[in-house]
Amino acid sequence: MCSHLSKIIESLFYSSKLNSKITFCWKNSLYSNYINLEQIRFYSKSTDNNTQIVSDTELDDFCSLLNQDKQNWWSLYVRGEVPDYEPRRNMFHKLTSEGIDVESMEPYEIEDFTRWLLMRQNHGEKYPKIEEENPVKNKKMIRKIYTSFYKFNLKGLKSTRKFATESNVVKHEEFLKNFDTGLQKEDSGEGSNVVIESYNDNYKGSKERFHSFPLAENDMYSNKPVWMQLNEIENAYKLKFKYKSRVEAQKKISKANKSIETLGELESNPSRLVEIDSFRTINSEVKEETKTTEVSKSLETPFSTISDGTHLINDIDLGGDAYYEKVDLNNNPGSIRAPDSIKPQNILKEEKSLLTEIFGDGDDNYIDATKPSAIIESTTNLEAETWLNMDPNHILIQQDLLKSKNTTQVLSSIGDKLKQMNAVNVSTAIHRLAKYTNPYNRYMVVNHESFGKLIALVEDHILKFDPQGLTNIFWSMIKLKITPKWLDCLLEQININANSLNLSELSNCLFCLSKLTKANDSSLELRFKILSLVQDKIKQFKRPLDLTCVSTALARLNVRNPVIFGHISSQVISSLEEFKIQEICGIAWSYASLGFTDHLLFRKIREFIESKADPNNIGNIVHLAWALSKIKEADPDFFLYTVSPLVRSHLSSLNCRQMTTISWAYVNAGVEDQDLFNDIASTLIHHVDEMTTHDVASSVVAFSHIEVDKLLLKKIKSRAALMLNEFTPLQLSKIVAGFAGLADQHFYNQVAKVVDSKLHLMSPENIVEILLGFTNANVLPIQLFTKLLNTVSKSCKKMYAEDSLLLLDLLRTLQGSNISHQLSKSFSNLAQNLIEQIDQRVSRWKCFDVTQITTLFNCLKLGDGTVDVMGTIVKQLASCLNRVYKSVLPLERKREIFLNFLLSTNNLPTNSLNVLKTNFAKDPELIKSFNNMMTLAKVNPDDLTYIEVAVKMLHSCTVIGFSDHLTNSLFDEVMEFELESPIEDVELGSKLIWSLVESNLHVKWALEKIKYFSTNYVFEPNLKDLDSLVRLMWSCAAVSEDSLLLDLTRHLSIYENLFPSEVFLSQQTALHILKCMNNPNVIFSDVELLESGQPQLDKDNQDLGNSFGELEKKSMDILKEWLEYKREDLYVKSKKNKKLRTPEMDHDSFISECLIRVILAKYNIVQMKIPHKTLHVVENIYRVSISFPVENQLLDVVGFMDVLVPRGQIRSSTLLRQRQLQILGYGIHPLRLSSLYESNGEKAKNLIAETISSFNTLAKDHISFTKMAPSA
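All residue numbers for the sequence shown refer to my numbering, where the first residue is 36 and numbers rise by one.
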């Protein structure tokens, strides 16, 4: 049966024009049980074309066998009847007439072939070689049809295609020709036995096998096959993968895509600078070739095994492993076109004498000006091989064109000679016209009759141009700013000859592509090809002009490849003296546009400009200043002593754009030159009417930050009001932010209307800046604000961390205003979304510094769940502080940054503050960085604000739990200073008193100071004085000064409508007064009598009782309110039923498990079975992990938040907690959490058992003194 069906299939293969193709489209399931297609060998037909392997009857039987499981609806669909579709009906008749059983074909095969026949009907027999509007789409369809014909690849028909070339089109034509006419015998006299065998799927060719067709631009993340993804990644970044199997390739794809997304985010943020010093290698490679070290292709290769000469993309501190390898830039130089056809060794001997007479003999480097070759080359600028084969008339035309010195002479030279010109003359004429054309005569040139005829000649000679002619014409089209209809053909020809382009032609072509306004498939294919060639040959570019063209073109195309620019830096540094100032400025502009910086390169550039700058290059100096300012390479001395004198002395020669640019550069660089700005302002005020929208935006950014004559800004505002509808969203945001301190209500109302009309065009960054501008101008239109907030909320996930922080800080600024009350829900939701976005961005990019962390700490109270972002920040806090400590900033600036950071910790929510305290106690690096910053933060005693700054620092350090010898010595200095100048401010004094009591230092002085404030200070009913009063009352409770505490409590009645900020201190104080003082009868039993003024006191506590009796009812109610408050660190809402519950920590369940059972060995479990109560809250204030109700005992876990580090001293608030719990009747057994973490297994069990053994007899049986861990 197998052999019989093989004959049938072989007969179908040669029976008609189309059978050989459609046979492969049959459903595998119909014959997979009979035949193995991988083992079939198809042989070409013998010389006897009339030979028939099987009969028609056998063929009909086989077709009927295939039709057995088909249904009626399928027949109607295939025949084009249901639905009624004429092209499918024609396809059915066409294939049926050829003897094809169409109903056995797959649906996609039927549709593909229907479209193919329809295209043949529309375009004729020349299809698929046609000029269609969307060639890539149709070529994809053709390729899909080919694939449907052949379900497995054939070596004989497999062809790879990198780009659209003429040779590939010929292969398609030959394929279709064979398709239409069938297989023809090559030699009628002999038969052929050509075997086409299928090859195995594990065949591994070169990576060119992946070049199937051009890919759409910016389509890196769509759902594509593995081979296509590999191809895109390799082409985009010149990578090399190891192909082991499809599964491994897919795994590597998923890993590589993560790093590509990382690099994608880097590319999408041009403001982020990338230092490429590590990608630049300055060595002897300029004079001699260095030996390249082969880098392992394995993705698991650690960085330590890679040689120093290899640079990875990961060198720019991106996340992930080494998914990319260095681009192999040490390829052999491409072949340079040389006149091989006229070399004497390649021609007949009898011609040598003639060639010697023309070209001369001897050294090739020696040029004899009297030789004919030298004369002709000097007059025609043509290679010898070119002019030797040219007609003499063409040489004369070439000479006339080269003698022309302006566009008029060029047009006159070609006027009557157009029909005589060859391809060389045409390219020379167009190039000369473009060279001599300027903005003033361009219209005359492009509308000249001879120019139109010349452009038409290009299409006639498009296939005859050499690579130089093609690139010259391409450059001319860009210079003349015209788009002829044959431009796509020109790009195709350049693509075909791309491998033959020399270095100058490559750089010229890349530069033209960067300025090409028309983006289509041809230009994208050529762009990919030229970029790959430039990347391969980047080390060979030496000429300054070539390097300038390459760098500026890459900047325009937004190719942010640090490896390429590292090699450009090397070449520029090695030959900097050969560059012109204009070329240097072009290099600097490209680096600034892409956000690359190279410290050595720009230091050399500054030195070069200092020695070579002159008034003739003032325009280039302005652009160089802009580039240096943008990439943070602006040296103040260079700006003040080189740029400023040049600009000031030639202000009259600068136009409006240049003056606004140089002003922006100074402001962005932070260089202050008031005299220069005054001169620019006095000059620019006469050019305001000439300003464009770009000039207005730049001048507003520059002059709104410095003190200049307001008359200039007023005139600029008037100019801006006339052009409001012309500003782009970015310019509009600069206008709104720049005029915040000058513009009036009427101006901002006009601006609000324009912003509303262009809101759909704005990015989140523009919206943030507009919101800041309106807020600073104190103009808050409710409707516009609502639209802006809603718009930015929808695109919140696209914002950078810096912009999210700006918007979050804006919400904090608006908190409490009328607009915040009206948009309270939008504010809260947006704030939470921004905090989550900051968490995601910062955890990935680590892009915050200490100043930004300070701003974030001040804003975290706006969100609900801030623990996650706090955990992310504290992990990076040590490195951020170390960067400030090791920076070159002035010492005063470092102190200011650190002080602001310390003060921001006071504004943290309770949960976030607990996270900071915990990590502070567990991270030695963070403690070390704090210690370093404290050495810099010593305050000058001669400063008038010395005592205030010192007290604020000490208070913040105590809040976060930092206490060492530096803080102790600072406390001593403050005490000495306070004796000379006593502190009168209650807020400052209360913070100092609380810090001393919490640290158990200078307690006696603290009590004396409390008495002073209690008797001499008049408390005001505001939150500031209430917080100060709470700190003083807590300090009295901590040191058990009850009488002094009651004196302070009398001031509470004026704070009936206020609630303290420091909730925990107020609750500890309230618990001490209400339930822990020495007169339980007054506190508990006789509260009503106390309130009515009839106290019943024991004789021993008569004085204290009188004090209680004097307390007002309002004060008692305030204390009860404090004690009943649900703190956010004790209670959280359940997601299901929204009920309050106490969150469990990791050590709670661990301790409870140890009290139930302990694993002594691998299979030995000992049951302790000690009854206990797990996590609960006592008196709505204290969190208790484990309690023992029967014995009325508590296991008090002394956590990381309860100690001061690095001293390890227990806080006074922790001691007060233990004392109050004892007064309430509980037995306290402290357990250090640090000791519990250091223990594991049986050691932890012994530690817990020892802690509770004093009251629990069961625990004594589980104590092992040989395995005892250090106790608290």
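No residue lacks a Cβ here, since even glycine has one placed at the ideal position from N, Cα and C.
Keep in mind the model is a prediction, meaning the values are calculated, not measured.
Cβ contact annotation for residue 457 (same chain, cutoff 8 angstroms, sequence separation greater than five): 425, 426, 429, 496, 499, in chain order. Residue 586 and residue 558 do not touch by the CB rule: their CB atoms are close to 20 angstroms apart, not below 8 angstroms.
When C-alpha distances from residue 565 are compared across 577, 578, 552, 537, the shortest belongs to 537. Residue 907 carries a helical assignment under DSSP once its states are collapsed to helix, strand and coil. Closest by C-alpha distance to residue 947, out of 896, 1152, 1221, 584, is 896. Scanning its chain for C-beta atoms nearer than 6 angstroms, with the 5 sequence neighbours on each side dropped, one finds around residue 674 the residues 706, in chain order.
Take residue 802, set aside five residues on each side of it, and the residues of its chain with a beta-carbon closer than 7 angstroms to its own are 823, 826, 827, in chain order. Taking C-alpha positions only, residue 455 is separated from residue 494 by approximately 15 angstroms. The C-alpha of residue 1160 lies about 8 angstroms from the C-alpha of residue 1215. Contact annotation, residue 513 with residue 544: C-beta distance approximately 10 angstroms; criterion of less than 8 angstroms not satisfied. Of the candidates 609, 570, 613, 570 places its Cα closest to the Cα of residue 599. Residue 1207 places its beta carbon 8 angstroms or farther from that of residue 1271. The closest CA to that of residue 698, considering only 677, 676, 664, 672, is found on 664. Taken in chain order, the whole alpha helix (DSSP H) runs of length 4 or more contained in the stretch 448-514 are 458-471, 477-481, 484-495.
In the DSSP annotation of this structure, the continuous segment of the alpha helix (DSSP H) that includes residue 785 starts and ends at 780-792. Counting the other Cβ atoms within 10 Å of the Cβ of residue 147 gives 16 or more, which makes it buried. Going by beta carbons, residue 739 and residue 776 fall inside the 8 angstroms limit. Collapsing the DSSP output to three states places residue 1267 in a strand. Per DSSP, reduced to three states, the secondary structure at residue 1218 is strand.
Taking the Cα of residue 611 as reference, the smallest distance to any Cα among 583, 1165, 517 is reached at 583.
For residue 1231, the enclosing beta strand (DSSP E) has its first and last residue at 1228-1233. A distance of 8 angstroms or more separates the beta carbons of residue 434 and residue 463. Taking the CA atoms as reference points, residue 701 sits about 19 angstroms from residue 751.
Secondary structure at residue 1168: strand, using DSSP grouped into helix, strand and coil. For residue 525, the CB contacts under 7 angstroms within the same chain, skipping 5 residues up- and downstream, are 497, 505, 508, 509 in chain order. Excluding the 5 residues flanking it on each side, residue 632 has same chain C-beta neighbours closer than 8 angstroms at 308, 309, 310, 311, 626, 666, 667, 668, in chain order. For residue 1241, the uninterrupted beta strand (DSSP E) segment begins and ends at 1238-1241. Cβ contact annotation for residue 1257 (same chain, cutoff 6 angstroms, sequence separation greater than five): 1263, in chain order. Within the DSSP bridge table, the entry for residue 517 names no partner. 905 is the residue among 878, 880, 905, 899 whose C-alpha sits nearest the C-alpha of residue 890. A direct Cα-Cα distance of roughly 24 angstroms separates residue 901 from residue 854. Cβ contact annotation for residue 476 (same chain, cutoff 8 angstroms, sequence separation greater than five): 442, in chain order. A distance below 8 angstroms between beta-carbons, with the five flanking residues on each side excluded, links residue 450 to the following residues of its chain, in chain order: 485. Closest in C-alpha terms to residue 884, from the list 840, 850, 871, comes 840. With fewer than 16 other Cβ atoms inside 10 Å of its own Cβ, residue 746 counts as exposed. With a cut-off of 8 angstroms on Cβ pairs, the stretch 804-813 is in contact with the stretch 763-781, counting three or more such pairs.
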